[in-house]
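So the number in the working numbering is just where the residue sits in the sequence shown, counting from 1, plus 52.
Here a beta-carbon is modelled for each residue, glycine too, at the ideal position from N, C-alpha and C.
Remember, predicted model here, so these are calculated numbers, not experimental data.
Since the structure comes first, as structure tokens, the remarks are kept for the end.
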Amino acid sequence: MKRLATLAALALVLFVFAAPAAAQAAEQKPPDQVAMWIVIASGFSMAIASAFCGLAQAKATAAACEGLARNPGAAPAIRFALILALVLIESLALYTFAIVFLKVTY
């Protein structure tokens, strides 16, 4: 019973001090020079993500076409794997766009 009371007291202390420890300082606007580089870097990151997504989608589609040509009986399984792969690849570009949009607009 004493051990349970000690753990409860420790949990209470942790909960009391957790909020001030996780508090953030007031948000400060970056200088104009920093904001300019954020926009430029965001554009480059979106371009790089889009380029690699395009390459990955092209490679996945080519592999699926080759697989269908070799084994037409496995078309449903290959089609499902291709669609799943394309969705996951495209999510990279969408996540990058969301991060860029949030970072640039603040």
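Task: Same chain only: Cβ atoms within 7 angstroms of PHE132, ignoring 5 sequence neighbours per side - done: none
TODO: Tell whether a beta-carbon distance below 7 angstroms holds between ALA150 and ALA101.
DONE: no
Open item on the list: Would the region 87–103 count as touching the region 134–142 if we require 3 or more Cβ pairs under 8 angstroms?
Closed with: no
Open item on the list: For MET65, count the other beta carbons within 10 Å of its own beta carbon; 16 or more makes it buried, fewer makes it exposed. Which is it?
Closed with: It is Val, not Met, that sits at residue 65 in the sequence shown. It counts as exposed.
Task: Three-way DSSP call (helix, strand, coil) for MET53 in this model - done: coil
Open item on the list: Within 10 Å of its beta-carbon, does VAL152 have 16 or more other beta-carbons around it, so buried, or fewer, so exposed?
Closed with: buried
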